[in-house]
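Everything on this sheet refers to the single structure shown next.
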Amino acid sequence: MGTPPELHQYQPGDPRLPEGRPTSKLLAPLRAEGGKSVAVAMVSTIVFFVVLGLIVVNSPGWAEVKQAFFSRSQFRESLPGIARAFLVNVRLFMISEVLILVLALVIAVMRSLPGPVFFPIRLLAVFYTDLFRGIPTILVIYMLGFGAPALGIQGVPTSPFFWGVVSLVLVYSAYVAEVYRAGIESVHGSQVAAARSLGLSRGQSMRYVILPQAVRRVIPPLLNDFIGLQKDTVLVSLIGVVEAFRTAGIDSAATFNFTPYVALAVVYLVITVPMTRFVDAMVARDRKRRQAGGVG
């Protein structure tokens, strides 16, 4: 059944709905059509994946691929060790995240300083963000992880874990600084004017008025960046840190089987999927809050 033409211009809860007609009756065709569309989409998706699965399992090389990537015995043997090694990735993530939040906020504030007197500071912040957003993370890890210890300077750490953290902090601070800056610029200028009219200095206005609002607005995109950070911790294995990816590689080389990498993928899915759903929930809640408060 099609949607009545007079309902196309209305949304549920719209106060412009025609008077004298019960809302439930007016919206019933819309709900029925929406339910039908969802059902068709679900059935189409299920059919697509069933067909895809049948094509894969009936392909000539499926037996070899199944043994090489989906061996149950190898999965059970490698998963506990990979899960224990994943704690190193968690340490990398936690240490880097704290440092990134602080350094990125400093860079964003530097770039937001007004006036010609602060031009050199703004230029330095722009140079930093452009530099580390332009160089691939893996190159930064290689250059610092192998180059800095090779200098032989007394007092300079040689730990691969240390330089892995430093590399991740430098790269991700550039990205997170831009997220912070977007939040700062989203605060209306009237907020600053009101703070200054109350006698607050520029620094006090930034600290007590702008930054609290800016940080609250950018929490969802910050969490998205940190999901990416959690996955990029595997890159430090390239400079010798024995974490989950390196452990999976050792197990794979010892057994001539790729199932340990599948086990590692499962571990990451268990961690990142709930984080992603949490971010989506926060975005939806923030959107509802803004709509309820009339915030554009």
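In this note's numbering, each number is its position in the sequence shown, counted from 1, plus 5. Backbone N, C-alpha and C define an ideal beta-carbon position, used for all residues, glycine too.
Check: Contact under 8 angstroms by Cβ, Ala253 with Tyr266; Outcome: yes
Check: Whether Phe74 touches Phe231 by CB criterion (8 angstroms); Outcome: no
Check: Host alpha helix (DSSP H) of Ser101 (start-end); Outcome: 77 to 117
Check: Segments assigned alpha helix (DSSP H), at least 4 residues, entirely inside the segment 226 to 298; Outcome: 249 to 260, 264 to 298
Check: Nearest-angstrom Cα separation, counted from Ser83 out to Ser206; Outcome: 59 angstroms
Check: Exposure label - Gln235; buried when at least 16 CB within 10 Å; Outcome: buried
Check: Nearest neighbour of His193, chosen from Met211, Ala258, Ser257, Pro85 [CA to CA]; Outcome: Met211
Check: Arg292 burial status per 10 Å Cβ neighbour count (16 or more: buried); Outcome: exposed
Check: Residue from Ser242, Glu69, Thr238, Ser257 with nearest C-alpha to Gln151; Outcome: The question names Gln, yet the displayed sequence has Phe at residue 151. Checked all of Ser242, Glu69, Thr238, Ser257; the closest Cα to Phe151 is Ser242.
Check: Cutoff 6 angstroms; reference Phe91; Cβ partners in own chain excluding five residues on either side; Outcome: Ala249, Val272
Check: Helix, strand or coil at Ile158 according to DSSP, with G and I counted as helix; Outcome: coil
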